[in-house]
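Structure first, then comments.
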Amino acid sequence: MIELLKILHIFAFTAGIGGSLANLVVIRAAGSADPEAAKVLRGITPRIGMLSVHSLGLLWVTGPLLLWLAYNGGAHLGPLFHAKMLGAVLLTLIVIASRMTIRKIKAGKPAPLAPHMPKLALAASLTGLTTIALAVLTFS
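First residue of the sequence shown? That's 230 in the working numbering, and the numbers climb one at a time after it.
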């Protein structure tokens, strides 16, 4: 059971960070593309983003289960674990802000964060990578 949870957890963070990095590439390409191509490229980013959202959800399911089953609830884990969890919470907040902004854009409502979506994508990628690095340091 623990091995299956670890595999799912690793798949989830791989898909999540892969989606986040893919969105950075697509957003950058859209910035220098002709208007028609840019529109098509920007239409791809919400779909890639949903992969990351679902992956993050799976991480929030498998992570606490692993912590409880394999690490005695995390009682002995130190400051690196707390920094990793801070990263996970920050990443979750960035993803929520991004998803809310996308919903507002689709609904034709004012979306104050819309001009900052490339920065949010970069922040999500950097936060995700940092969180993964902290997880490796915590659990090795």
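A virtual CB, placed ideally from N, CA and C, is assigned to each residue, including glycine. It should be emphasised that the depicted structure is a prediction, and the values quoted were computed from it without experimental measurement.
ask   = Hey, P339 and K348 are a contact pair by Cβ (cut 8 angstroms); roughly how many whole angstroms apart?
value = Counting from one through the sequence shown, the residue named residue 339 turns up at place 110. Counting from one through the sequence shown, the residue named residue 348 turns up at place 119. Contact between P339 and K348 fails: their C-beta atoms lie close to 18 angstroms from each other, not under 8 angstroms.
message = Whole angstroms are fine: how far does the CA of I256 sit from the CA of A205?
response = Nothing about residue 205 can be reported from this structure: the residues present for the chain run from 230 to 369 only.
message = Looking at the secondary structure, which residues open and close the alpha helix (DSSP H) in which M230 lies?
response = Position 1 of the sequence shown, counted from the start, is the residue given in the question as residue 230. Bounds of any alpha helix (DSSP H) do not take in M230, whose DSSP letter is neither H nor E.
message = Taking the straight line between their C-alpha atoms, what separation do you get for V290 and F242?
response = If you number the sequence shown from 1, residue 290 lands on position 61. If you number the sequence shown from 1, residue 242 lands on position 13. Answer to the nearest angstrom: the Cα atoms are 12 angstroms apart.
inquiry  = If you reduce the DSSP assignment to three classes, tell me which class A340 lands in.
reply    = Looking up residue 340 in the sequence shown gives position 111. The answer is coil: DSSP assigns A340 none of H, G, I, E or B.
message = Are the CB atoms of A326 and L309 within a distance shorter than 9 angstroms?
response = Taking the sequence shown and counting its residues from 1, the one referred to as residue 309 is at position 80. Taking the sequence shown and counting its residues from 1, the one referred to as residue 326 is at position 97. Not a contact, by the Cβ cut-off of 9 angstroms.
ask   = What is the residue span of the alpha helix (DSSP H) that G278 lies within?
value = Here residue 278 corresponds to residue number 49 of the sequence shown, with the count starting at 1. Residues P264 to A299.
task = Over the uninterrupted alpha helix (DSSP H) stretch that includes L349, give me the two end residues.
result = Start at 1 with the first residue of the sequence shown, and residue 349 comes out as number 120. L349 -> alpha helix (DSSP H) spans M346 to F368.
ask   = Going by the CB atoms, is the gap between A312 and L363 shorter than 9 angstroms?
value = Position 134 of the sequence shown, counted from the first residue, corresponds to residue 363. Position 83 of the sequence shown, counted from the first residue, corresponds to residue 312. With contacts defined as CB atoms closer than 9 angstroms, L363 and A312 qualify as a contacting pair.
query = CA-CA distance, L288 and D263?
reply = Counted from its first residue, the sequence shown places residue 288 at position 59. Counted from its first residue, the sequence shown places residue 263 at position 34. Spanning the two alpha carbons is a distance of roughly 37 angstroms.
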